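Worksheet for the structure shown next.
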Amino acid sequence: FADVEETLKRIQSQKGVQGVIIVNSEGIPIKTTLDNTSTVQYAGLIQQLVLMARSTVRELDPQNDLTFLRVRSKKNEIMIAPDKDYFLIVIQNPSA
Amino acid sequence: VLHPCRPCHLGDTSLSNIASMEIVNVLMKRRSEFNRLRGFVDSDFKKLVDMSPDQSTSEQPIHKDQSVQAGQEISEHEARQFISHGMNHVEGGWPKDIDHENMEQTIRFRKKAGKNEAYISSILQLGSVMELCIRQNNAIDKYEQYFEDEEEEEENHNAPYAKTMNVLRDPHQVKRTVTSLSWSPDRGRKLAAAYSSVVFQQTSQLSTDSYIWDIEKPSIPEMVLKPPSPLVCLEYNPRVSYTLMGGCYNGQVAYWDTRRGCQTVAYSSVEHSHKDPVYKVIWLQSKTGTDAFSASTDGQVLWWDVRKLSEPTERLILDLSKEGNLGGALGGISLEFEITMPTKFMVGTEEGLIISCNRKAKTPAEKIVCTYDGHRGSVYAVQRNPFLPKNFLTVGDWCARIWSEDIKESSIINTKNGVSELMDACWSPVRPSVFFTVKMNGVLDIWDILFNQSDPTLSVKVCDGGLYSIRVEENGRLVACGSEKGEATLLEISSGLSVPQKNEKSLVAAMFERETKREKILMGRQREIRLKERCRSEQSREEEVVREDGEESPQELLARAEKDFYSMVEVELKRRRKGKDLIEEQVVSEDKQT
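Residue numbers (UniProt numbering), protein chains in the order written: chain S, 1 to 96; chain B, 1 to 594.
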């Protein structure tokens, strides 16, 4: 419990990190550092993306699985680390 | 009594309860009347509905193949219920019992979820992965656009340079001049150098050895060649890489096979060789690979077959009057031969002329095709541009000139006169616009005529004495130059001067064309002027001739001439007498005064 907090704090303190969200498999944001509306938006949209990505990887090779997903956009980068039951989403702006 | 068939409404008839009302048909009968026979009574018929047939429909009967039941059309379908698995709803899949609008419940739910073990372990693991990526992003902007709008820039904006790599020194005490250099044809691992003394009649104490050096081992020559007399020139056979031909100071030519050792395999007999030092030997392109020709200041160009060096196979005397007169021949100092033009060759002479010859001419007289009036002194080098063979480079006296074959009167490009004499030159084998010259003050000049025509692109002072020979290796990067003091210096030139540029050949060709055209125009103009003058002088002569002719016979001419003569003499005498009188008068007057 405490480790989780520590981890999140460490991540949050890295340069350029704008927000951290933990979402469970249902799509409910468990922990977040952003405001509610954004969190909910991210959680909902990203879950769909992850499911799609995972199914893509698995269809191409059933023994393969998705380990990490990075969405690089003009303004920032959304990094998603998926797990069986949870996702960890971090939004970072590397040039900031 | 309730009518047995009329519907009867039980309960309230208030509006609120209409929905819950049941329509019930109730049959009421007295008990006593159970099981009594029914007594049906006839009643009048009543017309309930009168439906008359519609006349219009009978006009258009619809034929049907099957019997149709007169009934309503009913369709049957099932509507499947779609359960959406996406998050259409704003909040996520909250479990059923939690009202997502209720803050407390959600918070509580969240806290509980946070205590889940699986949650903790997975988050820890994910966290470390994530951190790595975050740090990566911070370390390098991986997605940076490199070279967004740039094209490939041309390199070599650096200054050109020539680095001295090695100096191969003459191992003998008494240093001799390196008069000729030749790279071995197999990618230039070896350099053959001819050592002799160019100073007139100084040959006695000098060793006659010449060497083949391996450029990686500058301290000791790889092989020593022992000719009958010091070699003035030495050439590898470009086809057969182990054979060499050398021309000696005493006029003989010698042939070596490096596989057989350092003694000459064969050398020409003294009687049939040149009478002067052989200044240049060049291998010819032939099927047997054994032909060569040599030039010497005795005025001959001799052709040899190395299998039989006792006698030359052919002889040409560089006599411009085409009489084969050895006495009036020009001394050949340099030769030029281009493999792509096997019938032509050029000889540069001591007198400054460059003679272009055709080998295949029938008579010796026709062999000399034309001459170019080159330099004021010996033409030390003649070489065609390897890319544009119509143009050739010559050096002599203090400048280098580039010529076009077609223009005989003058060179199309010439450099300014330098401070010291140019002793040798060669084109770069890789770049059409670059050539190298060496001078008596020890300076190696590299010229790039596309870049700068008035000055050398690079001048390197190689050594203190004079530089006598230069040779560029096939790949264009290594240059060997030989000095007075017996040193052969190897230089490596920068890529700027040894890597061909785009379009270089066409640019150089265009430049040469332009200059050639200019010269042609100038020549044409000069010719015109000369022609005009000649015309004018001819005209005036004609007039005189016309006047004198036909009027006087020779006797009369003589008489007239005498008369003219005497009259002239008298006039002169009179003038003298008058002069004398005047002087006498003056003297008298002076006497009188004194």
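Glycine is no exception: its CB is placed at the ideal position from the N, C-alpha and C atoms. Computed from a predicted model, the values in this text were never measured in an experiment.
Rounded to the nearest whole angstrom, the CA to CA distance from B/E487 to B/V301 is 30 angstroms.
Note on geometry: alpha-carbon atoms of B/A254 and B/V508 lie some 39 angstroms from one another. Every alpha helix (DSSP H) of 4 residues or more that sits fully in the segment 326-392 of chain B is shown, in chain order, as 364-367. Legend: CB atoms of the segment 506-532 of chain B lying less than 7 angstroms from CB atoms of chain S are not found in any residue. Here the alpha carbons of B/P386 and B/T288 stand approximately 24 angstroms from one another.
A distance below 6 angstroms between beta-carbons, with the five flanking residues on each side excluded, links B/R577 to no residue of its chain.
Exclusion of the five residues before and after B/S433 leaves D448, I449, L450, E504, V508 as the residues of its chain whose Cβ lies within less than 7 angstroms of its Cβ. In this structure, the beta-carbon distance from B/V347 to B/A295 falls below 7 angstroms. Going by DSSP, S/V90 is part of the beta strand (DSSP E) stretching over 86-92. Less than 7 angstroms separates the beta-carbon of B/L444 from that of B/V462. One finds D83, K84, D85, Y86 in chain S with Cβ atoms closer than 8 angstroms to the Cβ of B/S122, taken in chain order.
Neighbourhood of B/R110 in chain S, by CB distance below 7 angstroms: I30, in chain order.
Proximity of B/M103 to chain S, defined by a Cβ-Cβ separation below 7 angstroms, is not satisfied. Non-local beta-carbon contacts of B/N237 in its own chain, meaning distances under 6 angstroms to residues more than five positions away in sequence, involve T243, W283 in chain order. Setting aside the 5 residues that flank it on each side, B/C370 is surrounded in the same chain by S356, K408, each with a C-beta closer than 7 angstroms to its C-beta; the list follows chain order.
Assignment of B/M568 by DSSP, reduced to helix, strand and coil, places it in the helix class. Distance from the CA of B/I123 to the CA of S/V20, rounded to the nearest whole angstrom, comes to 12 angstroms. By the 16-neighbour rule on beta-carbons within 10 angstroms, B/P61 is exposed. If you draw a straight line from the Cα of B/K111 to the Cα of S/L34, it is about 17 angstroms long. Residues of the segment 125-140 of chain B that bring their beta carbon within less than 8 angstroms of a beta carbon in chain S comprise Q125, L126, G127, S128, V129, M130, E131, C133, I134, R135, N137, N138, in sequence order. Judged by beta-carbon spacing, B/G496 lies beyond the 7 angstroms limit of B/E484, meaning their Cβ atoms are not closer than that value. At a Cβ-Cβ threshold of 7 angstroms, B/T516 and B/S411 do not count as neighbours.
B/V224 and B/S210 have their C-alpha atoms spaced approximately 6 angstroms apart. In the DSSP assignment, B/N417 falls outside any beta strand (DSSP E), carrying neither H nor E. The alpha carbon of B/Q453 has as its nearest neighbour, out of B/E421, B/K416, B/A192, the alpha carbon of B/K416. Secondary structure note for B/A113: its alpha helix (DSSP H) is the uninterrupted segment 103-115. When rounded, the separation of the alpha-carbon atoms in B/G418 and B/H272 is 40 angstroms.
Within chain S, no C-beta atom comes nearer than 8 angstroms to that of B/G418; the closest sits roughly 59 angstroms away. If you compare the alpha carbons of B/Y566, B/V430, B/Q125 with that of B/Q501, the shortest gap goes to B/V430.
One finds I134, N137 in chain B with Cβ atoms closer than 7 angstroms to the Cβ of S/Q92, taken in chain order. Under the Cβ distance rule, B/A480 does not count among the residues neighbouring chain S, no pair being separated by less than 7 angstroms.
Per DSSP, the unbroken alpha helix (DSSP H) holding S/L45 starts and ends at 36-60. Rounded to whole angstroms, B/E421 and B/V569 show a C-alpha spacing of 59 angstroms. Rounded to the nearest angstrom, the Cβ distance from B/M245 to B/A292 is 5 angstroms, consistent with a contact under 8 angstroms. Restricting attention to B/C426, B/G377, B/D455, the CA atom closest to the CA of B/N414 is found in B/D455.
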